[in-house]
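Below is one structure, written out as structure tokens; comments come after it.
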Amino acid sequence: MRRVITYGTFDFLHNGHINLLKRARGYGEYLVVGISSDEFNERKGKKAYYSFEQRKAILEAVRYVDKVIPEHNWEQKIEDVKKYNIDVFVMGDDWTGEFDFLKDYCEVVYLPRTVGISTTKIKTDLNEFFRNG
């Protein structure tokens, strides 16, 4: 069984996330999703609308996802690849090259992002909507 892993914050789950999860799952039969813990987001200067537990519950309800794990720091990826016997690491192509160090442990794939959607765009659009009423 081929095992795949991807990571993200997955706040405001949208069709771009679903597309990524579906395509990632297409590389194997078992998909592990690492989601940034609230503490890790804070250290990165990010604030998710939904808590870690809420984002975890939402992702666990997505049919492409088999296991959700917390991401506590950037450095844990090698450990996770080994721990979960990962064959393929998948990320959006906005991260191209950033995780090539994992090629010693598994296949690394960068997938094209879904055009026209991102969590940042959703937040910006909502802020504009409520400002302009």
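Using the working numbering, you'd call the opening residue of the sequence shown number -3 and step up by one each time.
Virtual Cβ for every residue (Gly too), placed ideally from N, Cα, C.
Here the structure is a predicted model, which means the values were calculated and not measured.
Residue i vs residue j beta-carbon contact at 9 Å
i: residue 28; j: residue 54; result: no
i: residue 24; j: residue 121; result: no
i: residue 95; j: residue 87; result: yes
Alpha carbon of residue i to alpha carbon of residue j, nearest angstrom
i: residue 12; j: residue 32; result: 17 Å
i: residue 2; j: residue 99; result: 14 Å
i: residue 15; j: residue 62; result: 16 Å
i: residue 7; j: residue 124; result: 19 Å
Close beta carbons around residue i, own chain, < 7 Å, minus the five adjacent residues each side
i: residue 92; result: 106
i: residue 36; result: 67, 68, 69
i: residue 56; result: 64
Buried/exposed call for residue i, threshold 16 Cβ in 10 Å
i: residue 89; result: exposed
i: residue 4; result: buried
i: residue 52; result: buried
i: residue 30; result: buried
Nonlocal neighbours in the same chain, by C-beta distance under 8 Å from residue i, ignoring five residues either side
i: residue 0; result: 20, 21, 23, 24, 26, 27, 28, 82, 83, 84, 85, 86
Same chain, Cβ closer than 6 Å to residue i, five either side skipped, listed in chain order
i: residue 48; result: 33, 34
Inter-stretch contact at 8 Å, needing at least 3 Cβ pairs: the segment 72 to 91 / the segment 38 to 53 | Touching, no.
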